[in-house]
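Have a look at the structure below, then the notes.
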Amino acid sequence: MGGATIVPAVETSFTVNGQTVHMALDPRESLLDVLRERLGLTGTKKGCDQGQCGACTVHLDGRRIVACLMPAVQANGRAVATIEGVASPDGVLHPLQEAFIEHDALQCGYCTPGQVMSGLACIAEGHVGSDAEIREYMSGNLCRCGAYAGIVAAVRQAGRSGI
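Counting in the numbering used here, the sequence shown runs from 926 upward without gaps.
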């Protein structure tokens, strides 16, 4: 007899941008869908939903990941940072966000949250030695508008300012 299979929810607790979240999750839900649909953090974008474009890049325990490929239950006990947590609580932009504006590193803006999150990781990982190195370590993030020169310049500036 055909019918929908009932998948038991999994109790999960993790932090998002410093706030603890407790919820029952379907183990098939991606972290991206939980962030956007359940927590209302729509800055993280759904681009390809296949881990190929980087629009959904977030940090998990300080390391960048593509949220569309990660089951949300795997965030249990861990820390997630999204683009909403990058600016200070009073709304002052992070130096990398300022550099994106200064270098016109965005056009339509759809990829910008993922680009910023990857840029922050690129800087934290120490990969700002040259433009070629920045391009290599940012290569998992695609920009359909072609703002790559501005993106590299913004990451270079923020990385060399010692953030």
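For every residue, glycine included, the Cβ atom is placed at its ideal position computed from N, Cα and C.
Residues that DSSP places opposite residue i in a beta bridge
i: Leu950; result: Val935
i: Pro1097; result: Residue 1097 is absent from the model: the chain starts at 926 and stops at 1088.
i: Pro996; result: Ser955
i: Thr945; result: Thr940
Delimiting residues of the beta strand (DSSP E) encompassing residue i
i: Ala1004; result: 1004-1006
i: Gln985; result: Going by the sequence as given, residue 985 is Leu instead of Gln. Note, Leu985: beta strand (DSSP E), 982-985.
i: Ile990; result: 988-991
Of the residues the options, the one placed nearest residue i, counting alpha carbons only
i: Glu954; options: Arg1085, Thr945, Thr969, Ala934; result: Ala934
i: Arg1069; options: Val1005, Leu950, Leu964, Gln977; result: Gln977
i: Thr930; options: Glu936, Asp951, Gly943, Gln944; result: Asp951
i: Ala1030; options: Ala1006, Gly1075, Gly928, Thr937; result: Gly1075
i: Val932; options: Gly972, Gln1032, Cys1047, Ala949; result: Ala949
i: Arg1003; options: His1019, Thr945, Ile1088, Pro1038; result: Thr945
i: Thr969; options: Gly1010, His947, Asp1015; result: Gly1010
i: Gly1034; options: Gly928, Gly1087, Tyr1073; result: Tyr1073
i: Leu964; options: Gly987, Thr1007, Asp1015, Arg1060; result: Thr1007
i: Val983; options: Val1053, Gly943, Gly1039; result: Gly1039
Proximity below 8 Å, CB of residue i to CB of residue j
i: Cys1036; j: Leu985; result: no
i: Val1041; j: Val941; result: no
i: Ala1079; j: Phe1025; result: yes
i: Leu1021; j: Gly1051; result: no
i: Gly1016; j: Ile1048; result: no
i: Arg989; j: Ala1046; result: yes
Terminal residues of the alpha helix (DSSP H) in which residue i lies
i: Ile1026; result: 1020-1027
i: Ile1059; result: 1056-1062
Interface flag, residue i vs chain B, CB-CB below 8 Å
i: Cys1047; result: Of the protein chains in this structure there is only one, and it is not chain B.
(request) Could you say if the region 996-1009 and the region 957-975 meet the contact criterion of at least three C-beta pairs nearer than 8 Å? (result) Contact check between the region 996-1009 and the region 957-975: three or more CB pairs, one atom from each, fall below 8 Å, which counts as touching.
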